[in-house]
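See below for the structure under consideration.
In our numbering, the protein residues as written are 2 to 375.
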């Protein structure tokens with residue numbers, strides 16, 4: 002009896018199913034997964050997870066206005082060895098529709114980071130994880146370390162920055178209780194960020210260095226023009242703003258991005274990608290505009306001085322510095338490394354503040370070496 006097509010169907014079906022399952026297993030580390038984690042105030046925090054689910058966990062924290070998924074090209078070669086957690090800070094990326102609810106947004110992000118680290122440690126049954134963070138995300142880590150600056154087993158500490166009066170009791174409890182434990186960060190890669198934003202008489206290494214006062218004044222002018230509209234409850238969409246206000250916001254965004262870039266190709270890319278002729282600006286969708294304005298206002302008003310944490314931070318720190326950084330003077334960043342008990346410095350000669358953009362290959366190499374050194 003000759004075999005028929007029908008007689009081959011079960012065998013073919015089983016073969017296809019097995020092949021599909023095998024392919025799915027092989028591709029699992031390379032397929033981003035979305036987790037939703039509830040923070041201490043009940044807000045859902047989106048986290049992009051990619052890599053081998055049972056591998057060593059690593060946390061990457063993004064910059065102001067950045068989408069956490071922009072880290073994906075840099076972690077792709079490492080997905081078989083690590084499980085990367087890419088949280089989206091409130092108001093940005095996949096959390097664009099969930100802006101921060103506190104004026105002191107960095108401290109609220111630090112609350113969220115505490116929840117995220119606790120969840121990851123429990124999920125992977127480890128006591129701590131490696132963390133890499135850039136710019137604003139790195140400031141959040143300094144805020145995190147500051148909470149442990151004077152912590153002892155039976156004592157509690159409070160953060161150096163005053164919280165907004167509307168801070169929930171749950172957030173305050175989380176901040177206080179976190180100091181009873183040790184930091185859940187094993188090693189830390191700090192990407193071009195100082196632990197202080199505003200210049201002080203004894204420290205001129207704040208953001209923008211000697212030009213800080215002039216640039217802050219420009220930011221203040223933008224805020225004065227936009228905050229009246231921002232405070233109106235009926236204006237939530239960027240398209241509802243007057244055209245002149247929209248142009249003012251996008252211009253200051255472009256100027257800030259250009260200051261972050263240290264190489265001509267990066268600057269040309271920023272100019273081309275941010276170019277908005279009038280007809281495009283009229284219908285431009287800008288889901289992060291509210292969070293950016295709120296964050297900018299907080300940066301201008303709050304000290305964000307976490308230097309006290311430096312001498313108390315026993316976590317090994319690698320300072321990755323863009324030698325051409327216009328945001329944080331490399332000389333002052335090296336002083337941060339000198340104060341830290343356990344730190345080393347890596348400088349990328351031709352890079353500005355936005356190291357992944359200016360020097361993507363070098364950044365990927367540094368990240369790989371940092372992780373493999375554990």
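For each residue, glycine too, the CB sits at the ideal point set by N, CA and C.
CB-CB under 7 Å to residue i, same chain, minus the five flanking residues each way: which ones, in chain order?
i: residue 348; result: 322, 324, 331
i: residue 340; result: 311, 312
i: residue 261; result: 328, 353, 354, 355
i: residue 114; result: 141, 145
Hey, how far is the Cα of residue i from the Cα of residue j?
i: residue 248; j: residue 185; result: 43 Å
i: residue 362; j: residue 356; result: 10 Å
i: residue 104; j: residue 110; result: 11 Å
i: residue 279; j: residue 241; result: 15 Å
i: residue 365; j: residue 78; result: 9 Å
i: residue 145; j: residue 282; result: 38 Å
i: residue 354; j: residue 198; result: 14 Å
i: residue 215; j: residue 208; result: 12 Å
i: residue 284; j: residue 266; result: 28 Å
i: residue 342; j: residue 32; result: 39 Å
i: residue 130; j: residue 346; result: 20 Å
i: residue 195; j: residue 337; result: 7 Å
i: residue 74; j: residue 257; result: 24 Å
i: residue 368; j: residue 217; result: 32 Å
i: residue 34; j: residue 201; result: 43 Å
i: residue 106; j: residue 309; result: 20 Å
i: residue 1; j: residue 112; result: This structure leaves residue 1 out entirely; the chain is present only between 2 and 375.
i: residue 40; j: residue 307; result: 23 Å
Excluding the 5 residues flanking residue i on each side, which residues of the same chain have their C-beta closer than 6 Å to its C-beta?
i: residue 96; result: 47, 89
i: residue 36; result: 48, 50
i: residue 63; result: 69, 138
i: residue 125; result: 58
i: residue 94; result: 68, 69
i: residue 304; result: 199
Give every residue of the same chain whose Cβ lies closer than 8 Å to the Cβ of residue i, excluding the five residues on either side of it in the sequence, and list them in chain order.
i: residue 224; result: 294, 297, 298, 301
i: residue 351; result: 263, 264, 324, 325, 359, 360
i: residue 246; result: 226, 227, 230
i: residue 100; result: 91, 92, 291, 292, 295
i: residue 45; result: 37, 38, 39, 99
Is the CB of residue i under 8 Å away from at least one CB in chain D?
i: residue 227; result: Chain labels in this structure do not include chain D; a single protein chain is all it has.
Please tell me whether residue i and residue j are closer than 8 Å, where the distance is taken between their beta carbons.
i: residue 228; j: residue 251; result: no
i: residue 359; j: residue 210; result: no
i: residue 287; j: residue 244; result: no
i: residue 328; j: residue 203; result: no
i: residue 205; j: residue 333; result: yes
i: residue 191; j: residue 134; result: yes
i: residue 141; j: residue 60; result: no
i: residue 86; j: residue 56; result: no
i: residue 188; j: residue 289; result: no
Under the DSSP definition of a beta bridge, which residues are partnered with residue i?
i: residue 238; result: Bridge partners of residue 238: none, in fact.
i: residue 323; result: 349
i: residue 62; result: 134
i: residue 57; result: 83
i: residue 52; result: 84
i: residue 46; result: 38
i: residue 344; result: 318
Say whether the segment 117-125 touches the segment 65-76, bearing in mind that this needs 3 or more beta-carbon pairs closer than 8 Å, one atom from each stretch. no
Can at least three beta-carbon pairs, one atom from the segment 267-284 and one from the segment 208-223, be found at a separation below 8 Å? no
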